[in-house]
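Numbering (our numbering), first residue to last: 684 to 1041.
The beta carbon of each residue, even a glycine, is placed where N, CA and C say it ideally should be.
Here the structure is a predicted model, which means the values were calculated and not measured.
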């Protein structure tokens, strides 16, 4: 069967819809903070728009590339992600109590975003090369051990991203292995690893206590106000730009709590449409993984699918106080130049796989 050279236009349209919706919702959510802090209501919007333009350029370039060539670079990219994550520990910039950024002159970025993409390629590379051994429990354990260095470095200051990387690994192994029982052990190991990280820092244990009873803690203010925003939106919302909670009640509303403002301004209808778009995006990535021309392509698409699904679920779960606060952002919608740049790069990688689908 002849391979197609056309990209998956369904995925491309979904990405465009999410990006456009994200920019509109970000401008509505961030206008007040931009005006108060920088005397420019479009401050965050313009920075996000610039990063999005770079992201689309990156997506186009990666789409035109053969993903097999990128797989050859996977070990080097993984090493680079380790070095960048290590540099954060010594030279990173701290913001809101978290040291997650590296600065290069006037530009700053989060190496953890690069690490997610590097891990997707790295896992696809080593599993594809050892495809005859993937049913071995020892092989699965070795794969998990191989990513523990990046999980440990990222998790030291960004537990939520470390959880996402672990999730990407589990999903990638699951796709490559027909057996189910070993995943019980892998899941228990992952939970134990997360438990260790929770116990290493007192502020993480504090987040657990705040989650259980946010009214009893001053730091539970953000959670409570976010829930007020969700509840006050009703079915159709108050209208774009009409949120009250973004006026300082939900701190940094344009970041990880943006979904609560979406609920307030667009109501259940708008929030449901956003969730539907993400669901369709994950579904399309699953289709690409299923119809990929080889194992490495299937693993790349599955890894990206896992990243998107886990991050969206974690963000919405945090905003609704279903799980403790993790500081994770909503893909394509929350403010963050590094995030949107590498997310669009990932979409380019998935489109590259789709170009070779049979």
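Q: Examine chain B for any beta-carbon lying closer than 7 Å to the beta-carbon of residue 941, and answer yes or no.
A: Chain labels in this structure do not include chain B; a single protein chain is all it has.
**Q.** Proximity winner among 769, 1007 and 809, relative to residue 825 (alpha-carbon distances)
**A.** 809
Q: Could you tell me the boundaries of the alpha helix (DSSP H) in which residue 961 lies?
A: Start and end: 941-973.
**Q.** Nearest neighbour of residue 699, chosen from 1035, 745, 1036 and 1030 [CA to CA]
**A.** 1030
Q. Hey, residue 992 and residue 972: beta-carbon distance below 7 Å or not?
A. no
Q.
Let me check understanding here. Comparing Cα to Cα, which of 951, 731, 944 and 970 lies closest to residue 692?
A. 970
Q) On the three-state DSSP scale, how would you describe residue 915? A) helix
Q) Does the beta-carbon distance from residue 843 to residue 989 come in below 7 Å? A) no
**Q.** Whole-number beta carbon distance between residue 754 and residue 979, since they are thought to touch under 8 Å
**A.** 6 Å
Q: Mind reading off the beta-carbon distance from residue 771 to residue 1034? Whole number of angstroms is fine, and I expect it under 8 Å.
A: Between residue 1034 and residue 771 the Cβ distance is about 30 Å, and since that is not below 8 Å, they are no contact.
Q.
Which residue wins for smallest C-alpha separation from residue 845, given the options 983, 795 and 1038?
A. 795
Q) Which residue spans inside the stretch 755-811 form an unbroken beta strand (DSSP E) run of at least 3? A) 776-778, 781-787 and 790-792
Q) In angstroms, rounded to a whole number, what distance separates the CA positions of residue 899 and residue 893? A) 7 Å
Q. What do you get for residue 736, buried or exposed, if any count of 16 or more other CB atoms within 10 angstroms of its CB means buried?
A. exposed
Q) How would you write the range of the alpha helix (DSSP H) that residue 998 sits in, first residue to last? A) 978-1002
Q | Closest Cα partner of residue 706 within the set 730, 723 and 948 | A | Residue 730 is the option with its Cα nearest to residue 706.
Q. Within 10 angstroms of its Cβ, does residue 838 collect 16 or more other Cβ (buried), or is it exposed?
A. buried
**Q.** Nearest-angstrom Cα separation, counted from residue 850 out to residue 802
**A.** 11 Å
Q: Hey, could you find the ends of the alpha helix (DSSP H) residue 730 is sitting in?
A: Where residue 730 is concerned, the enclosing alpha helix (DSSP H) stretches over 726-747.
Q) Between which two residues does the alpha helix (DSSP H) harbouring residue 852 extend? A) 842-859
Q: Go to residue 827, then tell me how far its alpha helix (DSSP H) extends in each direction, as first and last residue.
A: 820-838
Q.
For residue 701, tell me which candidate among 1028, 1024, 1015 and 1020 has the shortest Cα-Cα distance.
A. 1015
Q: Give the DSSP-derived three-state secondary structure of residue 936 in the structure shown.
A: coil
Q: Kindly list the residues whose CB is nearer than 6 Å to the CB of residue 1001, restricted to its own chain and excluding five residues on each side of it in sequence; keep chain order.
A: 1008 and 1009
Q | Simplified DSSP state of residue 903, which is helix, strand or coil | A | helix
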